[in-house]
Each structure stands twice: as structure tokens, then as C-alpha cells.
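Numbering (my numbering), first residue to last: 6 to 313. We put the CB at the ideal spot given by N, CA and C, even for glycine. Please read all numbers here as calculations on a predicted model, not as lab measurements. Taking it in order: structure first as C-alpha cells, then the write-up.
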């Protein structure tokens, strides 16, 4: 990613098991929706059920709105239309996500990259028509990946001829942060939102989260979140095999090739205040070499990282 953290069916698998809630007095209300290629499971605490349902309906309308902006696979989304036309005026939300992504790209020395889509398509990770491309094909597509693949001018976005943007590695985190801000502005003091690989807990609420073992169906570690977010990325949800070689969807944007778990880590969990940073950083750290990792993490000192 980035290689894109693709949120198709395999990202609907639960990275985290919700184990424990602690709450007093307020009544919990819960609802789940499928959007942005993932599920959003939201639990908030209000004075009564009816109030909770009203707020959750508003939140789900917001999620649908963000899906209409950021979805790579919805051909009518704002992002998809820009990817087709290569130029256009964009919403303030789409601009904000792209600026976040640009900042994280800089802080990860290019390993987080929202322009990875041409390479993902070339390798067949989107449509599942997997192939091992020729070197010349990879070299050609690399010209359309990177910070120079697009530029922003005021509220307009311009893409190179074959360049495309995929926000799958950052948009869910961004959406979680926005949903929490919205709920807080409406007087909701605590809650939890689970979006598959991304979770955020806010207010005076503790939740124990089980981190999946990347090598078997078991919980590897239990962490406690309070007023924090976490995100997990792994190399084992979309891959194909040719002969004895396994190719993961985690593509290095600097080489154009899927990474072969160069750090011997199959999974990364990032914990911190901003879900948008946890989301993007967890993906980038899967492909950042050990020699550069400490330097990158200096840019994210307030974030805890767990490797497996």
C-alpha cells in the first residue's frame, strides 16, 4: 500500500473480537451497516433507546455519504469519477483525506501511497484475475504511481493519464474520526465503532480487544482501549500462488512488487488517538524495511505498534 488496504469481502473478516464493555447508567444502542467494502458496527450510550436510534440513523447517513465520496469500487462515487476523468473539482472531505495521505506518505518515506491502484490492477488483486506481470509492464505502471501522479490546485484534482487513487488504506480511519466528532457534537459521551480492521473507543469507556493470530484462528493478544483507536493490517487476506511463490496484495509502491514479508511480520497493529493515522501507518509498516522503521516511528511517537 500504501498498498491499498482493500476492504472487499476478505476485509469483512473480523480482525478484532469485541470482548468487554464497561458502562454505567446509560443505555447501549447498537447497529451495523455494510459500507465502503467493510462493516461498521456502532455502539453508543444514551439516556434511552429511542434517542440512541435517532443518533445512529444520522451516523449511518453520514457513512453512506462518505462512501459516495471515497469508494474505489462504487463507479458513481466522487473518487471513481475523478479516476475516470483524470480531472475535476473535489469536495472538501476528499481534499482533506488526500492531504492527510500526502502527509503520511512523506512521514513514511513513500511507503504509504494512495496511487498504488495501477499496480494493484496489473497484478490482478482487484478483479482476482491474478498474474505475475513482466518487468517492463511493472516499470511502465510505476511511472503513474507516487506523489507526482497527481496534484491539487485549490479545490481541483488532476491525475496523470493512467494514474488512479485508492483510499482503501486511510478512508476508514478518517471516517471513524469524523463519526466520533459528530457524535460528541451531539452530546454522546461514549461509544465504540468497529469497522473491521479499524476500531475506535471514545469517552469514559473501556473495551478489551482481541488481536487475531495471523497464523491460526485464535486470539494472539488482548489489548485495552480507552479513548483511543487501533488498526490492524495483515498480508494474509488477499494473495495468490504460482508454483512455490506466494504473492500478497501488499505491494511496495517503490518497487512495484508484492512484498514477501521482508520484516518477517505478517501483521501490524497500531494504537493511538487518531484512527486515520492508525489506519495508514498499520499498512505502511508491513512493507517498511527494518533499517528504516525506527526513523519512520520517530514521526509517530505517540503511537504504539505491535508486530506479529
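Exercise. Rounded to whole angstroms, what's the CA-CA distance from residue 191 to residue 122? Just pull it up for me.
Key: One Cα belongs to residue 191, the other to residue 122, and the distance between them is close to 37 Å.
Exercise. Measure the C-alpha to C-alpha separation of residue 229 and residue 311 and round it to an integer number of angstroms.
Key: Taking the straight line joining both Cα atoms gives about 13 Å.
Quiz item: Around the Cβ of residue 41, are there at least 16 other Cβ atoms within 10 angstroms (buried) or fewer (exposed)?
Solution: Flag for residue 41 reads buried.
Quiz item: Where DSSP assigns a beta bridge to residue 235, which residues make up the other side?
Solution: 204, 276.
Quiz prompt | Bridge partners - residue 310, DSSP secondary structure assignment | solution = Per DSSP, 275.
Self-check item: residue 93, enclosing beta strand (DSSP E) - first and last residue
Solution: 92-94 is the extent of the beta strand (DSSP E) around residue 93.
Quiz item: Rounded to a whole number of angstroms, what is the C-alpha to C-alpha distance between residue 283 and residue 126?
Solution: If you draw a straight line from the Cα of residue 283 to the Cα of residue 126, it comes to about 25 Å.
Practice problem: Report the rounded CA-to-CA distance for residue 69 versus residue 35, giving the unit in angstroms. | Solution: Near 17 Å, if we compare the C-alpha coordinates of residue 35 and residue 69.
Self-check item: Of the listed residues 171, 277, 119, 300, nearest to residue 235 (C-alpha basis)
Solution: Closest by C-alpha distance to residue 235, out of 171, 277, 119, 300, is 277.
Quiz item: Do the stretch 157-171 and the stretch 85-94 meet, that is, are 3 or more Cβ pairs less than 8 Å apart?
Solution: The stretch 157-171 vs the stretch 85-94: in contact.
Quiz item: Just how far apart, CA to CA, sit residue 157 and residue 31?
Solution: Going from the Cα of residue 157 to the Cα of residue 31 covers about 45 Å.
Quiz item: For residue 308 versus residue 188, is the C-beta spacing smaller than 8 Å?
Solution: No Cβ-Cβ contact shorter than 8 Å links residue 308 with residue 188.
Exercise. Reducing DSSP to helix, strand and coil, say where residue 164 ends up.
Key: Three-state result, residue 164: strand.
Quiz item: Can residue 120 and residue 155 be called in contact, C-beta distance under 8 Å?
Solution: In this structure, residue 120 places its C-beta atom within 8 Å of the C-beta atom of residue 155.
Quiz item: Between residue 102 and residue 179, is the Cβ-Cβ spacing less than 8 Å?
Solution: In this structure, the beta-carbon distance from residue 102 to residue 179 falls below 8 Å.
Quiz item: What number of angstroms, rounded off, separates the C-alpha of residue 238 from the C-alpha of residue 143?
Solution: Just so you know, the alpha carbons of residue 238 and residue 143 end up roughly 24 Å apart.
Quiz prompt | Stretch-stretch touch, CB-based, cutoff 8 Å, three pairs: the stretch 107-117 with the stretch 242-255 | solution = At 8 Å Cβ cutoff, the stretches do not touch.
Quiz item: So what does DSSP say about residue 106, is it helix, strand or coil?
Solution: Residue 106: helix per DSSP, three-state reduction.
Quiz item: Cα separation between residue 27 and residue 280?
Solution: Note that residue 27 scores 46 on pLDDT, short of 50, meaning its location in the model is unreliable and no value can be drawn from it.
Quiz prompt | Integer Cβ distance of residue 206 from residue 233, believed to fall under 8 Å | solution = Taking the Cβ atoms as the reference, residue 206 lies roughly 6 Å from residue 233, within the contact range of under 8 Å.
Quiz item: Whose CA, out of 182, 305, 227, lies closest to the CA of residue 286?
Solution: Cα-wise, what sits closest to residue 286 is 305.
Quiz item: Does at least one heavy atom of the ligand HEM sit under 7 Å from the Cβ of residue 206?
Solution: Questions concerning the ligand HEM fall outside what the structure shown contains, since it holds no ligand whatsoever.
Quiz prompt | Rounded straight-line distance, which links the Cα of residue 253 to that of residue 152 | solution = In this structure, the alpha-carbon of residue 152 lies about 23 Å from that of residue 253.
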